[in-house]
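Quick note on numbering that gives the first Met the number 0: the sequence shown kicks off at 0 and runs consecutively.
Here the structure is laid out as structure tokens; the discussion comes afterwards.
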Amino acid sequence: MTAPSTFGLSSEARNLHWLLTNLVEEVPGIQSVAVVSSDGLLLLSSDPGRNEEAREFRTAKPAGPRGSAADLATIVSGIGSLTVGAAKLMEFGGVKHTMVAMDEGSLFVMSISDGSLLGVHGSADCDMSVVAYHMALFVGRAGHVLTPELRSELRQSLQSESAGSTR
0 MTAPSTFGLS
10 SEARNLHWLL
20 TNLVEEVPGI
30 QSVAVVSSDG
40 LLLLSSDPGR
50 NEEAREFRTA
60 KPAGPRGSAA
70 DLATIVSGIG
80 SLTVGAAKLM
90 EFGGVKHTMV
100 AMDEGSLFVM
110 SISDGSLLGV
120 HGSADCDMSV
130 VAYHMALFVG
140 RAGHVLTPEL
150 RSELRQSLQS
160 ESAGSTR
């Protein structure tokens with residue numbers, strides 16, 4: 000996975016990038032990670048360089064998600080919305096985390112703060128308890144600093160990175 004550029008970012012944004020990189024490097028089996036805002040926008044990703052690759056692939060041959068951060072963000076946002084709706088309907092309180100186990104991998108979604116979500120796509124052989132533990136550490140460390148100002152900064156950095164890759 001490619002490390003995102005942190006040049007010109009605030010110390011809080013650099014710390015979040017560091018936490019995300021640390022999560023990916025410390026936990027075997029993680030394939031992709033995305034932090035998504037409450038309105039479904041990608042804020043932070045483990046593989047920002049693949050966003051443009053995924054867009055080009057879709058225009059050439061429309062198909063399902065390919066594992067890029069943009070696709071993961073869309074899936075995480077959808078699952079987050081679905082589970083929040085289910086929790087409201089059942090009157091069981093807020094959603095803490097969701098796990099989807101598939102034949103060839105797993106998807107983990109965990110609430111960070113004020114609707115923001117952390118999504119992790121793991122391989123079939125990843126240890127789900129280790130992934131959940133490290134996600135909880137990330138959420139505990141990132142939740143209090145994910146302010147509206149920081150979310151705006153992260154969105155802008157992703158947009159400028161995306162604009163730079165299309166040149």
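In this text, a Cβ means the ideal position worked out from N, Cα and C, and glycines have one as well.
If you're wondering where the values come from, they're calculated on a predicted model, not measured in any experiment.
{"Query": "Contacts around E55, its chain only, beta-carbon distance under 6 Å, and the 5 residues preceding and following it disregarded", "Result": "With a pLDDT of only 47 at E55, under 50, the local geometry of the prediction cannot be trusted, and the value read off the model is given with reservation. Excluding positions up to five away in sequence, the list is empty."}
{"Query": "Pick from S31, H16, G84, L116 that is closest to G39, judged by C-alpha positions", "Result": "L116"}
{"Query": "Cβ contact check for the segment 97 to 112 and the segment 72 to 83: 3 or more pairs under 8 Å", "Result": "yes"}
{"Query": "Beta-carbon spacing of G104, S128 below 8 Å", "Result": "no"}
{"Query": "F107, DSSP secondary structure in three states", "Result": "strand"}
{"Query": "Rounded distance between the beta-carbons of V23 and V32, thought under 8 Å", "Result": "6 Å"}
{"Query": "DSSP-derived helix/strand/coil call for V99", "Result": "strand"}
{"Query": "Spatial neighbours of M89 in its chain, beta-carbon cut-off 7 Å, leaving aside the 5 residues before and after", "Result": "none"}
{"Query": "A141 versus I29 - alpha carbon distance", "Result": "19 Å"}
{"Query": "Burial state of G118 (16 or more Cβ within 10 Å)", "Result": "buried"}
{"Query": "Residue burial classification, A72 (beta-carbon count within 10 angstroms, cutoff 16)", "Result": "buried"}
{"Query": "For V32, the three-state DSSP class (helix, strand or coil)", "Result": "strand"}
{"Query": "Beta-carbon gap between L41 and L15 smaller than 8 Å", "Result": "no"}
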